[in-house]
Amino acid sequence: GESVGLHLPTLSVQEGDNSIINCAYSNSASDYFIWYKQESGKGPQFIIDIRSNMDKRQGQRVTVLLNKTVKHLSLQIAATQPGDSAVYFCAVDTGRRALTFGSGTRLQVQP
Amino acid sequence: AAGVIQSPRHLIKEKRETATLKCYPIPRHDTVYWYQQGPGQDPQFLISFYEKMQSDKGSIPDRFSAQQFSDYHSELNMSSLELGDSALYFCASSPWTGRNTGELFFGEGSRLTVL
């Protein structure tokens, strides 16, 4: 099966700094990866995705890096803002027709 | 834009009672997923449906059942409720994208509290 894990449960950064949230996955057959943001009491919101034929993808202030060799995924948030404070999950699709979520990392942005 | 609608948003039940959660997917999305999220936990996949047929099954207890109806809405039925069933239940929908799941669009969740 697939297990997905994050390295740090809580990340605290200063407003304006860059944030990096990491995620490890176990199944080398995983071929689609998504980062979700979840604010308190709300459903997960899509941030950015990447397929296994890519190693980097950029969005607005966010970048996802994929290292298939070590089965590692990271989310970089540039110029972190207070509104970025939330729990971030990586999710992995292994073709089961469902996403497997990793344990979330809580991002706290200090003003 | 239309989003995934879940009802009720909050539900309080006693142990051994039954609860039903409803999910209305985004229009033209034919695949529905149910996830359970305990306090401080990651969302756990329960079950999914494509075109009214069960497409995948995760860690759904035998006490739970679900179905997708002809209008694509889905219902999650939970019986013999236990204290441990207290959680946020999310429904997500997506258009069928072939092999991969693709992006899931989540509802705001239904919070079930079992007393």
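As you go down the protein sequences, you meet chains A and B in turn.
Under this note's numbering, the first residue of the first sequence is numbered -7, with each subsequent residue one higher.
Under this note's numbering, the first residue of the second sequence is numbered 2, with each subsequent residue one higher.
No residue lacks a Cβ here, since even glycine has one placed at the ideal position from N, Cα and C.
Below-9 Å beta-carbon distance, residue i vs any chain A residue
i              : result
Y52 (chain B)  : According to the sequence displayed, residue 52 (chain B) carries Glu and not Tyr. With 9 Å as the cut-off, E52 (chain B) does not count as an interface residue toward chain A.
L12 (chain B)  : no
G85 (chain B)  : no
E121 (chain B) : For residue 121 (chain B) there is no data in the structure shown, the boundaries of chain B being 2 and 116.
L113 (chain B) : no
Backbone CA spacing between residue i and residue j [nearest angstrom]
i              : j              : result
L65 (chain A)  : G103 (chain B) : 17 Å
P74 (chain A)  : G35 (chain A)  : 19 Å
S117 (chain B) : S18 (chain A)  : Coverage of chain B is limited to positions 2 through 116, which leaves residue 117 (chain B) absent and any answer about it impossible.
S66 (chain B)  : N78 (chain B)  : 5 Å
P1 (chain B)   : A83 (chain A)  : Look at the range of chain B in this structure, 2 to 116, and you will see that residue 1 (chain B) is not part of it.
D85 (chain A)  : R43 (chain A)  : 10 Å
S4 (chain A)   : K29 (chain A)  : 16 Å
A90 (chain A)  : Y51 (chain B)  : 11 Å
Q52 (chain A)  : A78 (chain A)  : 17 Å
DSSP three-state assignment for residue i, whether helix, strand or coil
i              : result
D47 (chain A)  : coil
S8 (chain B)   : strand
K53 (chain B)  : coil
E18 (chain B)  : coil
N10 (chain A)  : coil
R112 (chain B) : strand
I117 (chain B) : This structure cannot settle anything about residue 117 (chain B), because the visible part of chain B is limited to 2 through 116.
S186 (chain B) : Because residue 186 (chain B) is not part of the residues shown, which for chain B are 2 to 116, the question remains open.
F70 (chain B)  : coil
Residue-chain proximity (residue i, chain B), Cβ-Cβ < 9 Å
i             : result
D9 (chain A)  : no
P36 (chain A) : yes
G33 (chain A) : yes
S18 (chain A) : no
I42 (chain A) : no
I26 (chain A) : yes
L91 (chain A) : yes
D47 (chain A) : no
A83 (chain A) : yes
C-beta neighbour in chain D for residue i, strict 9 Å
i             : result
G75 (chain A) : Structure shown: chain D not included; protein chains present are A and B.
For the region 18 to 50 of chain B, list every residue whose C-beta sits within 7 Å of some C-beta in chain A, in sequence order.
Within the region 18 to 50 of chain B, the residues whose Cβ lies closer than 7 Å to some Cβ of chain A are Y34, D43, P44, F46, S49, listed in chain order.
Quick one: complete alpha helix (DSSP H) runs, 4+ long, within the region 19 to 86 of chain A?
The qualifying runs do not exist here; there are none.
Ranges of the beta strand (DSSP E) found wholly within the region 82 to 109 of chain B, counting only runs of at least 3
Taking only runs of at least 3 residues, the beta strand (DSSP E) segments lying wholly in the region 82 to 109 of chain B are 88 to 95.
Below 9 Å between beta carbons is the criterion; list the residues of the region 62 to 92 of chain B that meet it against any residue of chain A, in chain order.
Taking 9 Å as the cut-off between beta carbons, the residues of the region 62 to 92 of chain B near chain A are L89, F91, C92, in sequence order.
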